[in-house]
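Report on one structure; see the data block that follows.
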């Protein structure tokens, strides 16, 4: 199972619909060359901060999962249960340090979606064994995804009022 189910024609139509809604909310404007420009207004900034606040814990959880996975040896497998425990441990550290304000990344649903999504992106290999599920890390792919997610996270942080910088490359204490 993947994190999201996409039907390509619908995905394209939904993107167009979403962009139209953002234009009607006066958050973005489309140029004649179809570039998207953020509108600089208090209202747009307010709506943007709401959207960013909703997305931030999700992206942060993915970054933590990638950090934990990157600590693993490339040629070894790690059980799903241990990965979940380590990821949740890192989320708890972030919550205690104040670099994360929302506990959503502790969710088994988010972690499961993350592992599934990373597997779909060929950053992990999932193997079902008699005693459970194990994963093998593909460091090159995972590193690229982690870097991309950190760029998204950095962009999101710029739009969260009064937010402290975050560190997602923390070592697990577990």
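Numbering (my numbering), first residue to last: 891 to 1064.
Every residue, glycine too, gets a C-beta built ideally from N, C-alpha and C.
{"Check": "Residue burial classification, residue 1025 (beta-carbon count within 10 angstroms, cutoff 16)", "Outcome": "buried"}
{"Check": "Where residue 991 sits in the DSSP three-state scheme", "Outcome": "coil"}
{"Check": "Simplified DSSP assignment, three categories, for residue 962", "Outcome": "coil"}
{"Check": "CA-to-CA distance, residue 938 to residue 947, given in whole angstroms", "Outcome": "15 Å"}
{"Check": "Buried or exposed (CB count within 10 angstroms, at least 16 for buried), residue 1013", "Outcome": "buried"}
{"Check": "Distance between beta carbons of residue 920 and residue 934, contact taken as under 8 Å", "Outcome": "Rounded, the Cβ-Cβ distance is 14 Å, inconsistent with contact."}
{"Check": "Endpoints, the alpha helix (DSSP H) within which residue 1044 is located", "Outcome": "1029 to 1047"}
{"Check": "Identity of the residues DSSP links to residue 968 by a beta bridge", "Outcome": "1025"}
{"Check": "Beta-carbon contacts of residue 1004 that lie in its chain and below 7 Å, excluding the five residues immediately before and after", "Outcome": "951, 952, 955"}
{"Check": "Selection from 994, 966, 965, 988 that minimises the alpha carbon distance to residue 977", "Outcome": "994"}
{"Check": "Rounded straight-line distance, which links the Cα of residue 942 to that of residue 1050", "Outcome": "7 Å"}
{"Check": "Same chain, Cβ closer than 8 Å to residue 1029, five either side skipped, listed in chain order", "Outcome": "960, 964"}
{"Check": "7 Å CB neighbourhood of residue 1042 in its chain, flanking five on each side removed", "Outcome": "949"}
{"Check": "Proximity test, residue 914 beta-carbon vs the ligand GTP heavy atom, cut-off 6 Å", "Outcome": "Absent from the structure shown: the ligand GTP. Ligands present: none."}
{"Check": "Coarse secondary structure for residue 909, derived from DSSP in three states", "Outcome": "helix"}
{"Check": "Three-state secondary structure (DSSP) of residue 1050", "Outcome": "coil"}
{"Check": "Coil, strand or helix - residue 893 by DSSP", "Outcome": "Bear in mind that a pLDDT of 47 at residue 893, under 50, signals an unreliable position, so the number given afterwards is only what the model happens to contain. Coil at residue 893, not helix or strand."}
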